[in-house]
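A quick write-up on the structure given underneath.
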Amino acid sequence: MTTASAPGNRGNGARWLRQIWRGISVPLVAVLLAGLIGAVLLQISGANPLQAYGALFKGAFGSPEAIQRTLEKATPLIFSGLAVAFAFKAGLFNIGAQGQLLIGAIVAAFVGFSIEGLPAIIHAPLALLIGGLAGALYGAIPGALKTYTGAHEVIVTIMLNYIAINITDYLADGPWKDPSPTNIVARTPRIMPSAELPIFGNIPLGFIFALVAAVVVWWVLYRTTLGYEIRTVGLNSSAAQYAGIRVARTIILAMAISGFLAGLGGAVETQGIVFRYQPGFNAGLGFDGITTALLGKTSPFGVIPAALLLGAMRAGASQMQFDAGVAKEITDVITAFILFFVAADVIVKWLIRQRESDDEQVVLSKGWGG
Amino acid sequence: MELTAPTTRSAATGWVFKNKWLLLIGAIVVGAIVYAYATNDRVTVAVLASTLRQSTPLILGALCGLIGERSGVVNIGIEGQMLLAAFVAFLANVYIGNLWIALIIGALTGALMGALLAFMAVTLKMDQIIGGTVINILAVGLTGYFYTAGLVTKGKFAPISLGPLADIPLIGPVLFNNPPITYLAIILVFAVHYVLFHTRWGLRTRAVGEHPRAADTVGINVFRTRYINVILAGAIAGLGGAFLTLEGVGSFERLMTNGRGFLALAIMIFGKWTPLGAWAGALLFGFLYALNTQLQFSGVGLPPQLIGSLPYLATILVLAGFVGRSRAPAASGQPYETEG
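In the order they appear, the protein sequences are chains A and B.
The opening residue of the first sequence carries number 1 in our numbering; numbering runs sequentially from there.
The opening residue of the second sequence carries number 1001 in our numbering; numbering runs sequentially from there.
Next up, the structure:
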């Protein structure tokens, strides 16, 4: 997927197809190469690569339940990947998707367990919305601090991640703790059935929401004035300022939307998978958003296959561990190499923390060998 | 930054005036420490010693980050470099049984990861954020995959008392009775400061990080400068990782860096890409962490999780209130391409 660099850049049909091919040929080769390296590593450490990969595949796609597991694992990654990618477009590095996701997850849980008697058609969306808004608020903090005090968003989001862990730990072990007599761990009560997200066949509703979110993010970025402003600020904030864009407002808004997406990811995880907030159950999902966004080349539609790939490896890892006795961390090694090979031949002139310079480059992704 | 005229020296009074806030803060800190020591010497020494220990992996990671960025290479893979070095150093300690050899192997592991980052960033001209992320995931994967529970450590570094210096009240037990990696970290702060700002190599490094084209024009090898800096920086991060397994905890646990590499990144920005500034940041953070432990012990009315947030909250407040805007080296993050 080539990122349209100039706003309003549209190609004709044939070029589009060629671009799609160029888009998928790179990841395809990358996955194969990374798999090969993983196989060598497995062989060296005395495991059977074919057996391991067979089990991995079976665990990820081998049955309707396996596919459901893959979709479930991919869902939060799409949300957090979109969150990170969205912030990237505004020239912001949101390492804080993790914290925003946790806040969204626990607030959605609170709305889910504390309100009784609402019909599902109101309760579930309400919990999602408030979870997302909580994430948005939490994401807006680093945006506001950046614009008003100059505090670097990377520092603030890292600190807010730790603070989010502490806040959620406190809530789950304090005021929002599950009061049932059998409970001894830190966790919130189970959410009401009316707040749960249903599954259609083997397709979780949360996954469909994630796809919709990707479309909306693309639409906002490439078809609205706000998106244009966000991308312009991301490319060159001084030029944006000069062109009359309110940079401060744009940065805060971009961080809030990024936080909203991450918070929504947490809410979907709570309402569709865990059904309560429990510390540790969402560990790392926000950080994986960085991987997902980079693997998807920070494009809203690129994030989806990236998340599916990572989700599939996660879904299959337990099966692989069970069948082939291979530690599931091998999938992390493979992920690292996939990312490496996807990026290795691509000159993504992505500049963080850059200042105004004359030879400002547009953000572009170039295909494998292209 | 004194980049344009690194050799100009202002008069002593000018220096005092220029650094009046720094001196004022320094005076307040010293006063507070003396007052605290007079009130409760035992706790004060414990907190300050803990401050230094907590800050050690952070300052090592931050030094790694800033050396890289000064030469134009963003390194968000510090976390991974530290994690892998911690693991390999631990294995070396288990199988070889010599802490010093294990320390060297830890540093070499970091250097190797630095070389990988340089290869991706300089040679492949890969996006540097992706390069760092590759290292982070790779380290999580490799350490997780090869970790086997039940390996028994062969001990850890003991404090080395520096003779009569260690007997000075307050300063002695805090500064002169530490394990080796902590000493090494302090020495490295000043060494890196000296090299970056007072040697030809440092000037060249900063030139490459600010304006590689100009540096290239006057005959500085941009690629070579970046490679060497990023590899050396990796070795320093490796020391930070080795600190965890050889000096701090003594054994390895999965994901034991626990975000310290990212904290180091934050501290580097906090210190505005200078070794001394980063050290101040690392010490501040170490202090807040030590204070935090004391508060948990003394049982103030607050829940422990909220006390646990204080170091991070305080960092944000200090950053937003006093430090403000920071500027990265101009060419940081940009691959360099030669002309023609």
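For glycine and all other residues, C-beta sits at the position ideal for the given N, C-alpha and C.
Listed in chain order, the non-local C-beta contacts of aspartate 323/A below 6 Å within the same chain comprise Ala55, local neighbours out to five positions each way being set aside. Of all C-beta pairs linking the stretch 1056–1067 of chain B to the stretch 1253–1267 of chain B, three or more are shorter than 8 Å, placing the two stretches in contact. Shown here, serine 1055/B sits in a helix according to DSSP, grouped into three states. With a contact defined as Cβ atoms closer than 8 Å, glycine 259/A and glycine 131/A miss out at about 11 Å.
Secondary structure of proline 204/A (DSSP, three-state): strand.
DSSP, read as helix, strand or coil, puts asparagine 1075/B in coil.
In chain order, Gly150, His152 make up the part of chain A whose C-beta sits under 8 Å from the C-beta of serine 1326/B. Fully contained in the stretch 1164–1242 of chain B are the following alpha helix (DSSP H) runs of length 4 or more, in chain order: 1171–1175, 1180–1198, 1200–1210, 1212–1217, 1222–1242.
In the three-state DSSP reduction, isoleucine 338/A falls in the helix class (H, G or I). Under DSSP, serine 1161/B forms a beta bridge with Asn1177/B. With respect to the C-alpha of alanine 256/A, the residue from Ser299/A, Phe337/A, Pro142/A having the closest C-alpha is Pro142/A. When secondary structure is reduced to three states using DSSP, isoleucine 184/A falls in the coil class, being assigned neither helix nor strand. For chain B, none of the residues of the stretch 65–88 of chain A brings a beta carbon within less than 8 Å of one of its beta carbons. Considering only Val1016/B, Ala1092/B, Thr1109/B, the residue with the shortest C-alpha distance to valine 1230/B is Thr1109/B. Chain-ordered, the chain A residues with CB closer than 8 Å to the CB of threonine 1315/B read Ile155, Met159. Taking the Cα positions, glutamine 19/A is about 13 Å away from proline 27/A. In this structure, alanine 60/A sits away from alanine 52/A, with a CB-CB distance that is not shorter than 7 Å.
Under a criterion of Cβ atoms nearer than 8 Å, the residues of chain A adjacent to serine 1309/B are, in order, Tyr162, Ile163, Asn166, Ile167.
A buried status is given to tryptophan 176/A, since no fewer than 16 other beta-carbon atoms sit within 10 Å of its beta-carbon.
In this structure, the straight-line span from the alpha carbon of valine 1073/B to that of glutamine 1128/B is close to 7 Å. Among the residues facing chain B, aspartate 332/A is included, as its CB has a counterpart in that chain under 7 Å away. Chain-order list of chain B residues neighbouring glycine 174/A: Pro1303, by C-beta distance under 7 Å. When 8 Å is used as the limit between beta carbons, alanine 344/A is near these residues of chain B: Met1120, Leu1124, Met1126, in chain order.
Contact annotation: alanine 1282/B and leucine 1058/B have beta-carbon atoms nearer than 7 Å. In the assembly as shown, phenylalanine 1157/B is a buried residue. Its beta-carbon has 16 or more other beta-carbons within 10 Å. Under the three-state reduction of DSSP output, isoleucine 115/A falls in the coil class, being neither helix nor strand. Near chain B, meaning a CB-to-CB distance below 8 Å, the residues of the stretch 285–301 of chain A are Ile290, Thr291, Leu294. Contact annotation: in the stretch 1124–1153 of chain B, residues whose CB is within less than 7 Å of a CB in chain A are Leu1124, Lys1125, Met1126, Asp1127, Ile1129, Ile1130, Thr1133, Val1134, Ile1137, Leu1138, Val1140, Gly1141, Leu1142, Gly1144, Tyr1145. A straight line joining the alpha-carbon of serine 80/A with that of leucine 285/A spans about 7 Å. Apart from the 5 residues on each side of it in sequence, glutamine 1296/B sits with its Cβ closer than 7 Å to the Cβ of Pro1304, Ile1307 in its chain, given in chain order. By the criterion of at least three beta-carbon pairs nearer than 8 Å, the stretch 232–246 of chain A is in contact with the stretch 85–103 of chain A. Counting only Cβ-Cβ distances below 9 Å, glutamate 329/A has contacts in chain B at Val1140, Gly1141, Leu1142, Thr1143, Gly1144, Tyr1145, Phe1146, Tyr1147, Arg1254, in chain order. With at least 16 other beta carbons inside 10 angstroms of its own, arginine 314/A counts as buried. Between threonine 1225/B and valine 1249/B, the C-beta gap is not smaller than 7 Å, which leaves the two residues out of contact. Counting along the chain, tyrosine 162/A sits inside the alpha helix (DSSP H) bounded by residues 153–173. Secondary structure of isoleucine 199/A (DSSP, three-state): strand.
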